[in-house]
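Heads up, the sequence shown is in this note's numbering, so the first residue is 1 and it goes up one at a time.
Glycine included, C-beta positions come from ideal geometry on N, C-alpha and C.
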Amino acid sequence: MKKSIRIPAVEGIPARFASLLVAALAATAVTAGSWPAFAQAGDAAPSAEPVPVAEPAPEPEPKKAEIAKAVTCQVLISQFDDSLAAAKIDDAAKAGARTMRGDGNKACNAWDYDSGIGTLRVALETIGKKPIR
Numbered sequence: 001m002k003k004s005i006r007i008p009a010v011e012g013i014p015a016r017f018a019s020l021l022v023a024a025l026a027a028t029a030v031t032a033g034s035w036p037a038f039a040q041a042g043d044a045a046p047s048a049e050p051v052p053v054a055e056p057a058p059e060p061e062p063k064k065a066e067i068a069k070a071v072t073c074q075v076l077i078s079q080f081d082d083s084l085a086a087a088k089i090d091d092a093a094k095a096g097a098r099t100m101r102g103d104g105n106k107a108c109n110a111w112d113y114d115s116g117i118g119t120l121r122v123a124l125e126t127i128g129k130k131p132i133r
């Protein structure tokens, strides 16, 4: 016959926990004054006028990529990169054209294609090349 072993520390935990829980709930009820947290003692009847609720502003539609203009931007950037080394202009003009190319690229990446294409065309004309598109 098997004898069961009793461990007093393990058996006492649920009883201690239950008495602690009851004590905590009783203390909470007394300190809260038996009112739910969201209710007030003076709020016996709702007000006659409803509180107006502001409607959320509609979200603006995100910009849509214009594929044809995006391709034009990339073609002009490639044309500029291919033509810069062979351009027979001074270094200061090349540096200015590179700056314009960078500005045009940033505008195209921000989906401001018209501004980017215009800037890239000016950059190509600065190094003496006619834009393809």
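Can you tell me whether residue i is helix, strand or coil according to DSSP?
i, result
"residue 128", "coil"
"residue 114", "helix"
"residue 71", "helix"
"residue 90", "coil"
"residue 10", "Bear in mind that the predicted position of residue 10 carries a pLDDT of just 49, short of 50, making it unreliable; the figure below should be weighed with that in mind. Here residue 10 sits in helix by DSSP."
"residue 134", "As displayed, the chain neither begins before 1 nor continues past 133, which places residue 134 out of reach and without an answer."
"residue 107", "helix"
"residue 54", "coil"
"residue 85", "coil"
Report yes if the CB atom of residue i is closer than 7 Å to the CB atom of residue j, and no otherwise.
i, j, result
"residue 120", "residue 84", "no"
"residue 116", "residue 102", "no"
"residue 127", "residue 65", "no"
"residue 122", "residue 100", "yes"
Assign residue i to buried or exposed, taking buried as 16 or more other Cβ atoms, counted over all protein chains shown, within 10 Å of its Cβ.
i, result
"residue 108", "buried"
"residue 67", "exposed"
"residue 106", "exposed"
"residue 129", "buried"
"residue 92", "exposed"
"residue 97", "buried"
If I measure Cβ to Cβ from residue i and keep anything under 7 Å in the same chain, skipping five residues before and after, which residues do I get?
i, result
"residue 73", "108, 113, 116, 117 and 120"
Spatial neighbours of residue i within its chain, please: C-beta separation below 8 Å, excluding the five flanking residues on both sides.
i, result
"residue 10", "Residue placement at residue 10 is poorly supported in this model, since its pLDDT is 49, which falls under 50; the coordinates are not used for a value here."
Counting only the same chain and skipping the five closest in sequence on each side, list residues whose C-beta sits under 6 Å from that of residue i.
i, result
"residue 111", "63"
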